[in-house]
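Visitor: Mapping of the sequence shown onto full-length UniProt numbering: position 32 corresponds to residue 32, and the numbering continues sequentially without gaps.
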Amino acid sequence: MNKKSYLAIGTCVVIAIIATYLGKLQNIIGAPMIGLFIGILLVNILPNIDKDFKKGTTFAGKKCLNLGIILAGGTLNFTQILGFGAKALPLIIINICLSFTVAYVVGKRLKQSWNTCTLVGGGTCICGGTAIATLASIIKAKETEIAYAMTAIFLFDIFA
């Protein structure tokens, strides 16, 4: 990695800190949406930042996010999961099947790719942006597919 990659990762960290702080100040817009808005503003104010920071932001968006998911999972109490899992399993399965089915049906009517439909379905039924990022690396989704899915999920969150 080069100097710009480290600067990009540092910028992502600063954006995350600011977004988290602003998200806690109010209950209307969550930190992920605020972070997305900050990123959109930066790219529009400094158009070359996307090209210059590409390697570092890709690393932060894939490797660091996956590590965060693993660390978040490590905080779960295994006995609690087992206690709730048996009772909730039928509802969870129905929710997952319904979310993916609706995502595929609506996505196909809107002429979206299989990857975009999968990302929206997973983001809807599992846990939003984190699920999308994880699924994206598994199915090798394009950046535009990830962006469409993230935008859809964040809009769902706003209107929910």
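Think of the CB as a built atom: it goes at the ideal place given N, C-alpha and C, for glycine as much as any other residue.
Determine the direct distance from the alpha carbon of A147 to that of I18, and round the result to whole angstroms.
Guide: Each residue's alpha carbon lies about 21 Å from the other.
Visitor: Suppose contacts are defined by Cβ-Cβ distances below 8 Å. Is T101 in contact with G107 by that definition?
Guide: Result no, Cβ atoms of T101 and G107 do not sit closer than 8 Å.
Visitor: I'd like the list of long-range same chain contacts for I92, defined as Cβ closer than 7 Å, with 5 residues on each side in sequence excluded.
Guide: Closer than 7 Å at Cβ, skipping near neighbours: no residue.
Visitor: Here's a check: name, in chain order, each residue in its chain whose Cβ is nearer than 7 Å to the Cβ of residue 173, leaving out the five neighbours to either side.
Guide: With the chain running from 1 to 160 in the structure shown, residue 173 is simply not present.
Visitor: Residues in the same chain with beta-carbon distance under 7 Å from I139, minus the five sequence neighbours each way, listed in chain order, please.
Guide: Contacts found: N115, T118.
Visitor: On a CA-only basis, which of M150, L25, G68, I126 is nearest I94? Give me that one, please.
Guide: Per the Cα distances, I126.
Visitor: Count the other C-beta atoms from every protein chain shown that fall within 10 angstroms of the C-beta of E145, then say buried if there are 16 or more, exposed otherwise.
Guide: E145 should be labelled buried.
Visitor: Specify the secondary structure class of M1 as computed by DSSP and reduced to three states.
Guide: Residue state, collapsed to three classes: coil.
Visitor: Look at the Cβ atom of A149, then the Cβ atom of V120, and state whether they are nearer than 8 Å.
Guide: Contact flag set, yes.
Visitor: What number of angstroms, rounded off, separates the C-alpha of K24 from the C-alpha of S113?
Guide: The straight-line gap from Cα to Cα measures roughly 35 Å.
Visitor: For I28, which of helix, strand or coil comes out of DSSP?
Guide: It is coil, neither helix nor strand.
Visitor: Can you tell which of G83, P32, V105 has its C-alpha closest to the C-alpha of G61?
Guide: Selected option, being the one with the closest Cα: P32.
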